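Report on the following structure.
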Amino acid sequence: MSGMSKIVKTAVNILFPLTMIFGLYVIAHGHLTPGGGFQGGAIVASGCAMIVVAYGSKWVFKQIKEKRLSSFESIGAVGFIAVALLGLVFSTVFFGNFLAGSSLLFGTIPATGSTGADFNTGGVLPLMNFAVGVKVIAGLFVIVLVMAYASSVKEWDT
Amino acid sequence: MIEYIPFIVVATMIFIGLYAVLFRRNLIKIVIGISIIESGVNLFLITLGYREDGVAPIFTSLPPGTTYPAGMVLPVPQALTLTSIVIGVAVLALMLSLVMHIYRKYGTLDVRKIRRLKE
Amino acid sequence: MEKRTIVAVLVFAIVAVFFFFSVFMVHPFGKPGQVNMDDHIIANTQNETGTNNAVTSVVFDYRGFDTLGEATILFAAVAGVLMIFRRVKQ
Amino acid sequence: MGVEFFIANILVLILTVVASLVAMLLRDLLAAAVAMAAMSLLLSLEFFILQAPDVAIAEAGVGACLSTAIVIIAINGTKRMEDE
Numbered sequence: 001m002s003g004m005s006k007i008v009k010t011a012v013n014i015l016f017p018l019t020m021i022f023g024l025y026v027i028a029h030g031h032l033t034p035g036g037g038f039q040g041g042a043i044v045a046s047g048c049a050m051i052v053v054a055y056g057s058k059w060v061f062k063q064i065k066e067k068r069l070s071s072f073e074s075i076g077a078v079g080f081i082a083v084a085l086l087g088l089v090f091s092t093v094f095f096g097n098f099l100a101g102s103s104l105l106f107g108t109i110p111a112t113g114s115t116g117a118d119f120n121t122g123g124v125l126p127l128m129n130f131a132v133g134v135k136v137i138a139g140l141f142v143i144v145l146v147m148a149y150a151s152s153v154k155e156w157d158t
Numbered sequence: 159m160i161e162y163i164p165f166i167v168v169a170t171m172i173f174i175g176l177y178a179v180l181f182r183r184n185l186i187k188i189v190i191g192i193s194i195i196e197s198g199v200n201l202f203l204i205t206l207g208y209r210e211d212g213v214a215p216i217f218t219s220l221p222p223g224t225t226y227p228a229g230m231v232l233p234v235p236q237a238l239t240l241t242s243i244v245i246g247v248a249v250l251a252l253m254l255s256l257v258m259h260i261y262r263k264y265g266t267l268d269v270r271k272i273r274r275l276k277e
Numbered sequence: 278m279e280k281r282t283i284v285a286v287l288v289f290a291i292v293a294v295f296f297f298f299s300v301f302m303v304h305p306f307g308k309p310g311q312v313n314m315d316d317h318i319i320a321n322t323q324n325e326t327g328t329n330n331a332v333t334s335v336v337f338d339y340r341g342f343d344t345l346g347e348a349t350i351l352f353a354a355v356a357g358v359l360m361i362f363r364r365v366k367q
Numbered sequence: 368m369g370v371e372f373f374i375a376n377i378l379v380l381i382l383t384v385v386a387s388l389v390a391m392l393l394r395d396l397l398a399a400a401v402a403m404a405a406m407s408l409l410l411s412l413e414f415f416i417l418q419a420p421d422v423a424i425a426e427a428g429v430g431a432c433l434s435t436a437i438v439i440i441a442i443n444g445t446k447r448m449e450d451e
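Written as C-alpha cells, this is what we have:
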C-alpha cells in the first residue's frame, strides 16, 4: 500500500502515541488489572498497523527491517523460556514462581481478599508479561508489514 | 429452553461457518468461515465458564459484599480462550498468505477452477 | 448435482443434527458442574503466586506449558509468513 | 440473574449471529470483512457482559483490528468481488 492523504497522517500522528502508551500500560499492569502480554501486544501491534496503513509499507521498510523485528520476536521467546528455566534452577519445577514470597523484585505477597493495586507483587509473572508482550508486538507487526508489502508489489517471481 | 439460548447461538455460529466452508467457492470466504467457527468456539468456552451472578476473577478493588470462590466466574476457560485467540490470528495470517500465493500462481480464487488447473 | 455436493450436504446435515441434540446435554447456562480446580485456583492465587489477576496466574503459572505451546505456534506462523513472501523482496 | 443482564445478553447474542450471517452472505469481500469486524466487536461486548474482561480486551484488539487489517490486505492483494 502506498501512503494516504495528509489528514490521515495527521490523525495517526496524534493517535499513535496514545495507543502506544495504553498498550504498554496494559502490558505493565497485567498482574493487577485486566490485561497482560497478549492483550497489550495486540493493542500496540494495532497502532503499528495504523502506521503501516497511513504511511505505506515502503516508508516503514525504510525505517525498520523485518529481520530486526524477527530477531525481536526471538528475543521475546528466548526471554520467556529463560525465565521459565530460572524457575527450574532456583525453584523445583519448570515455570516455578521463584520470586514470589522472596524479598527481591516483585516479591511481595498481597493480603487475601479485595486489595489495592500494589505494583510490587506477582513474582515472575510481570517478567513473563514483558517477554510475551515483546514477542507478540514484533510477531504481529512483522506479519502485517510483510503482507502489506507483498500485496503492494505487482510482479512476483513464483 | 430459555437458559440454553447461548449454546444455541454457539451452534448457529458454527453452522454458519461450516456452511461457508463447505458450500462457498471463494477461498477468502472459506477463510472467513473458519474464523467464524473459531469465534463460536471461543464463545462456547466463555459461556461454559460463566457462573450465575459472578464477577470477574480479579481481586483489585472487588465490589463490596463479594463472596469468593463461589461468587466468581471460572478462570481456567478464560485462560484457554486467551490462548485460542492468539493462535487464531496466527493461523488466519498463515492461511491468507497462502491464499495470496495461490492467487498469484493460478490467477483465480475459485476452488473448483484451481483443482482443474492443478492437473 | 455432483457427487461432491451430495456428500457435503450429507456431512452438513449429520453435523447439524448432532450439534442440535448435544446443545441440550451441556449443563444449564450459569451453573457449571465440576468447579473444584477453579475454586482452588481462585482461593489460592493470592497466596501462591502473589497475583491479583487470577486469569494471568493461570496463563503464566498454573498452565504455563499451554502458553509455551502458543508462543511456539506464533513463532511458527511468523516463520511461515516470512518464508512464503521470501521471494517477493527485491 | 437480573433482567437487564438477561436482555443485554440475548440482544448482543442475536446481533452477533446476524453479523456473522451477513459476513457469510455478502458477495463483496470487503463488506464481508467489515461485517466480520462488527461480529468481533459484538463478541467482545458479549465477553464483557459474561465477566471476562481479559478476553474482551484481547478480542477487541486482535479480532476487530488486526484480523480485519490482515483480511483487507489480502483482499487488496487478490480480488475484491466474489464471482460465480
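Those sequence lines, one after another, are chains G, U, P and L. Each residue of the first sequence is one higher than the one before, counting from 1 in the numbering used here. Each residue of the second sequence is one higher than the one before, counting from 159 in the numbering used here. Each residue of the third sequence is one higher than the one before, counting from 278 in the numbering used here. Each residue of the fourth sequence is one higher than the one before, counting from 368 in the numbering used here. The C-beta atom is built at its ideal place from N, Cα and C for all residues, glycine as well. Computed from a predicted model, the values in this text were never measured in an experiment.
Beta carbon of residue i nearer than 8 Å to that of residue j
| i | j | result |
| --- | --- | --- |
| phenylalanine 176 of chain G | glycine 87 of chain G | As shown, chain G starts at 1 and ends at 158. That puts residue 176 of chain G outside it, with no answer to give. |
| isoleucine 194 of chain U | methionine 171 of chain U | yes |
| valine 244 of chain U | valine 438 of chain L | no |
| proline 309 of chain P | leucine 232 of chain U | yes |
| phenylalanine 306 of chain P | tyrosine 162 of chain U | yes |
| methionine 50 of chain G | alanine 441 of chain L | no |
| threonine 121 of chain G | threonine 344 of chain P | no |
| alanine 348 of chain P | lysine 58 of chain G | no |
| isoleucine 188 of chain U | valine 179 of chain U | yes |
| valine 358 of chain P | isoleucine 143 of chain G | yes |
| threonine 19 of chain G | glycine 47 of chain G | yes |
| alanine 45 of chain G | methionine 4 of chain G | no |
| threonine 112 of chain G | asparagine 313 of chain P | no |
| serine 434 of chain L | serine 197 of chain U | no |
| glycine 195 of chain G | isoleucine 424 of chain L | With chain G covering 1 to 158 only, the question about residue 195 of chain G has no answer from this structure. |
| phenylalanine 130 of chain G | isoleucine 27 of chain G | yes |
| glutamine 418 of chain L | tyrosine 226 of chain U | no |
| alanine 399 of chain L | isoleucine 190 of chain U | yes |
Close beta carbons around residue i, own chain, < 6 Å, minus the five adjacent residues each side
| i | result |
| --- | --- |
| leucine 206 of chain U | Pro235 |
| proline 222 of chain U | none |
| serine 411 of chain L | Ala423, Glu426, Ala427 |
| valine 336 of chain P | Thr344 |
Interface partners of residue i on chain L, CB under 9 Å
| i | result |
| --- | --- |
| methionine 159 of chain U | Neighbours of methionine 159 of chain U on chain L: none; closest Cβ ~13 Å, over 9 Å. |
| tyrosine 226 of chain U | Near tyrosine 226 of chain U there are no residues of chain L at all, since even the closest Cβ is about 13 Å away, more than 9 Å. |
Nearest-angstrom Cα separation, counted from residue j out to residue i
| i | j | result |
| --- | --- | --- |
| valine 284 of chain P | alanine 402 of chain L | 30 Å |
| glycine 123 of chain G | glycine 107 of chain G | 5 Å |
| aspartate 450 of chain L | glutamate 279 of chain P | 20 Å |
| threonine 383 of chain L | glycine 139 of chain G | 29 Å |
| leucine 351 of chain P | isoleucine 166 of chain U | 32 Å |
| glycine 116 of chain G | alanine 356 of chain P | 42 Å |
| leucine 85 of chain G | phenylalanine 94 of chain G | 6 Å |
| lysine 257 of chain U | leucine 267 of chain U | According to the sequence shown, residue 257 of chain U is valine rather than lysine. Going from the Cα of valine 257 of chain U to the Cα of leucine 267 of chain U covers about 8 Å. |
| asparagine 444 of chain L | leucine 220 of chain U | Note on residue identity: the sequence assigns glycine, not asparagine, to residue 444 of chain L. Going from the Cα of glycine 444 of chain L to the Cα of leucine 220 of chain U covers about 48 Å. |
| aspartate 118 of chain G | phenylalanine 217 of chain U | 11 Å |
| serine 114 of chain G | alanine 390 of chain L | 43 Å |
CB contact check: residue i to chain L, cutoff 8 Å
| i | result |
| --- | --- |
| glutamine 39 of chain G | yes |
| alanine 11 of chain G | no |
| valine 142 of chain G | no |
| tyrosine 208 of chain U | yes |
Residue i at chain G interface by Cβ criterion, 8 Å
| i | result |
| --- | --- |
| glycine 346 of chain P | no |
| leucine 433 of chain L | yes |
| leucine 240 of chain U | yes |
| alanine 400 of chain L | no |
| isoleucine 416 of chain L | no |
Nonlocal neighbours in the same chain, by C-beta distance under 8 Å from residue i, ignoring five residues either side
| i | result |
| --- | --- |
| isoleucine 204 of chain U | Pro235, Gln236, Thr239 |
| isoleucine 109 of chain G | Ala100, Gly101, Thr121 |
Sequence-distant residues of the same chain with beta carbon closer than 7 Å to residue i, five excluded per side
| i | result |
| --- | --- |
| threonine 322 of chain P | Thr328, Ala331, Ser334 |
| leucine 409 of chain L | Val379, Leu382, Thr383, Ala386 |
| proline 164 of chain U | Thr205 |
| alanine 354 of chain P | none |
| phenylalanine 16 of chain G | Gly47, Met50, Ile51 |
is_contact[residue i, chain P] using C-beta, thresh 8 Å
| i | result |
| --- | --- |
| isoleucine 174 of chain U | no |
| alanine 100 of chain G | yes |
| isoleucine 43 of chain G | no |
| threonine 162 of chain G | There is no way to answer for residue 162 of chain G, as the model of chain G reaches only from 1 to 158. |
| lysine 135 of chain G | yes |
Residues that residue i contacts on chain U, provided the C-beta gap is smaller than 7 Å
| i | result |
| --- | --- |
| proline 126 of chain G | In chain order: nothing, as chain U lies at least about 14 Å away. |
Chain-ordered neighbours of residue i on chain G, where CB pairs are closer than 7 Å
| i | result |
| --- | --- |
| aspartate 338 of chain P | Phe95, Asn97, Leu125 |
Within chain L, partners of residue i - CB distance below 7 Å
| i | result |
| --- | --- |
| serine 46 of chain G | Gly428, Cys432, Leu433 |
Contact with chain U by residue i, beta-carbon distance below 8 Å
| i | result |
| --- | --- |
| alanine 441 of chain L | yes |
| aspartate 374 of chain L | One detail in the question is off: residue 374 of chain L reads as isoleucine in this sequence, not aspartate. For isoleucine 374 of chain L, the answer is no, since every Cβ of chain U falls outside 8 Å of its Cβ. |
| alanine 117 of chain G | yes |
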